[in-house]
Structures are given as structure tokens and as C-alpha cells.
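Sequential numbering of the sequence shown, starting at 2, is according to our numbering.
To start, the structure under review is shown below, and the notes come after it.
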Amino acid sequence: MSNKPENPSSMEKLTLRDLAKKAWKFVIYRWPWKLASLALGVLLWGGLISQDATLTREKIFNDVSINIINHDALLRSGLIVVDGIDDLGTIRVRCDVPQRMYENVAASNFNVRVDLSRISSAGKQTLPVLYTSSGTYGTVTSLSITEIDVEVENYITRRRIPVQLNETGQIPEGFYVTAAIVDPTMVTISGPSSLVQRVVRCVATYNTSLLTPSARTQFSAVPFRLFDADGQEVNSNLISVTSESVLLDTLLVEQTLYRLRPVAINTSGITLGQPAIGYHVVDIKIDPSMLNIAGSNELMETLTMLDVVTPIDITGATETLIRSVKVKKPEEAYHMSENAVYVTITIEADPLVTEVPK
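The following block contains the structure:
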């Protein structure tokens, strides 16, 4: 047995060798566990990042439309915007968005808008472009346009603007139509004072050739236009036309169609009495020989002849007579083309009589 002490340097070498072997074994063995641990660590890190509201990312929205709000409130205050918002383009919005909402947030979440209720007087006005930031969706950091310029006028109303009906076209053949009735006959217009003050009449153009060829009452929705005293059209979407507080885009035209056909004058009983002795009636001519009659379907089915009001008295006549006589209008007729006709009664001497008594 040796009493020689152990060499310290030898023990240190053994220890370092053992540690190296253990480290090598750790590196080359148990890969599935190591990969699982790495994946779990990444997931935990991502979850913590996504739930941290203080972590944000910049997001830019292009082609964002500006909402125009409180238009009705401005009208109630007696003002209206006439220029500056119809041709309003889109803008770019830059935001800081929470990491967890980055994929879900949209430009609409920031409600980019212009509030017309901020206007208090007519003339040129400058309005700020407003937006809404929130802890949920993030904060707007900049806008490509921060304000807009608009032109404002007084909003006025004029009542009892007359409606004029302009009829065009031909009515369906074989029918008679009553006079067109337009509803309403007066309208109310509201809008910018510079336009409303020019309007003097409302004109509706009505094409009668579009009527259905059927004997009945028909209703048609007819567009209309506004005109000034010089006959120039006043056309603007800023003008509203109403009747009894109902907004109008057309007017209602009513017309009734009746069957129309020619009916002959009854020559039987058109004369009264006899010519002078030795004379006789050679011919009776009526001009016009037929009149156009319009009426109910029942009347048109049964009417065959028209009678005159008073027969022509030919008592003692020795020469041709020309008279104007009135024609009886059937009770159920709505229209008769003429009220009277000319009747020519040709009277000649009887050729068998050689001497005419005096």
C-alpha cells in the first residue's frame, strides 16, 4: 500500500473530461424532447406578445372614404353645402394598431368623417377631418388630408310652384281620351337660395302614345323638370321637390280612354211637312254624314244612328234648302265630334206638272 498522495491535476483532468462527455450526450441524445421544448417556448412567447396591449404595429390604410355626417342637422339650421363634398376624394390613414388586432382592424373602425353640424353661417367654411381612436383598435397617427373647404348657402323653401303638363305623342287609334289630370297641381321646392329663387314652374312631359289601347281609366308616373322665367332648366340634386311633405321624383297623370267610332246621322224624320204642290224632295245630303262618338262600351255596342234635335220644316218649299241643325248627343256619350251638321235638301218641280199654280 502506497501512502503517496493523489495528483490534483489528474483529478481536475478527469472532471473536465466527464463534463465534456455529459455535454456531448446532452447535445446528441433526446432530440424530440428538445424540439418540443423549443416549440413550446416559441408559442408561449407569441402568446405573451399578442396579449400585450402596449405592443403595437404601424398599419396604413389607403383609399379611405370620408363620411359626411349631420347633413339633415345642417338643413334644419337653414344652411346647405353647395360645393366641396361631392367631389371629395379618398385619403390615406396611418395608425398604430395593437399587435393582437393587426389582422382584424379595418379603416371603418376609425370612423374618418366630416361633421356638417359644425357649420354656423353661409360662405366659405373650413372643416376638420375627424376620426375615432380607441384602445381596442388603435390610434390614428396621421391623415393625408386634415381639413376640407366647403361653400355654404342659405337653405330656403318656396311653396305653390305651378305644375305645367306638356303633352306629346298621339293617342291610340280608335279611342278618345279625357283631359289629363295631373296630381299634384302645385309643388313645394327646397334647396340653395341661388337656385330655388330662379324656379318659376314645374313641367311634366307626358307622352300619350304610351297609353294602353284599352277603354278604362289609366294612371301614369311622369318625370318632371324645373324651369326659370327664361325657359332655362334649373337642374340640381341639391333641390328637393315635395307635396304635403312627401318627396317627389315623378307626378301622377290620370286619363280615361273611351271607345271611339263614327256613327251616321239618321235621315229619316229629318224633314217636317211637304214642299209646295208640284214640287218634291229629290235628295238630302248631310255634311258631315257621320260623327265620331265616344262613350261606354255598352253605348258603343248599341248605338247605330244619331238624330237631329229639330227637323227642318220644308212646308211649301219650292227651292233647295241648306240648313244647320243640331244633333242630339246620346246621354251616355262622353264625346261627340260636332254639335251640328249642315243639311242640303234638294227640291225640284215635279216633271209631270206642266203648269205651276200661283
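Even for Gly, the Cβ is constructed at its ideal location relative to N, Cα and C.
Only a predicted model underlies this, so the values are computations on that prediction, with no experimental measurement involved.
Put simply, the segment 99-108 does not touch the segment 118-129. Fewer than three CB pairs are less than 8 Å apart.
Listed in chain order, the alpha helix (DSSP H) runs fully inside the segment 230-293 amount to none, counting runs of at least 4 residues.
In the three-state scheme derived from DSSP, where H, G and I count as helix and E and B as strand, ASN68 is classed as strand. When rounded, the separation of the alpha-carbon atoms in VAL82 and ASP88 is 12 Å.
Cα atoms of LEU252 and ILE67: separation of roughly 35 Å, rounded to the nearest angstrom. Taking each of ILE271, GLU59 and LEU80 in turn and checking the Cα distance to SER195, the smallest one comes out for LEU80. Cα atoms of SER78 and VAL223: separation of roughly 33 Å, rounded to the nearest angstrom. When the beta-carbon positions are compared, LEU76 and TYR156 come within less than 7 Å of each other. Shown here, GLU299 sits in a helix according to DSSP, grouped into three states.
Around ARG58, the same chain offers VAL98, GLN100 and TYR103 as residues with beta carbons nearer than 7 Å, after the five sequence neighbours per side are excluded. Less than 7 Å separates the beta-carbon of PRO263 from that of ASN293. Three or more Cβ pairs drawn from the segment 178-189 and the segment 235-246 lie within less than 8 Å of each other, which places the two stretches in contact. In this structure, the alpha-carbon of VAL326 lies about 7 Å from that of THR311.
Counting only residues of its own chain and dropping the five nearest sequence neighbours on each side, GLY85 has a CB closer than 8 Å to the CB of ILE149, ASP150, VAL151 and GLU152. The segment 99-129 contains no complete alpha helix (DSSP H) run of 4 or more residues. Pairwise C-beta distances place the segment 163-172 in contact with the segment 196-206, as three or more of them are shorter than 8 Å.
Counting only the Cα atoms, THR345 lies some 30 Å from ARG260. DSSP places VAL153 inside the beta strand (DSSP E), whose first and last residues are 148-169.
Burial of THR272 is indicated by the presence of at least 16 other C-beta atoms within 10 angstroms of its C-beta. Rounded to the nearest whole angstrom, the CA to CA distance from ILE287 to ALA318 is 18 Å.
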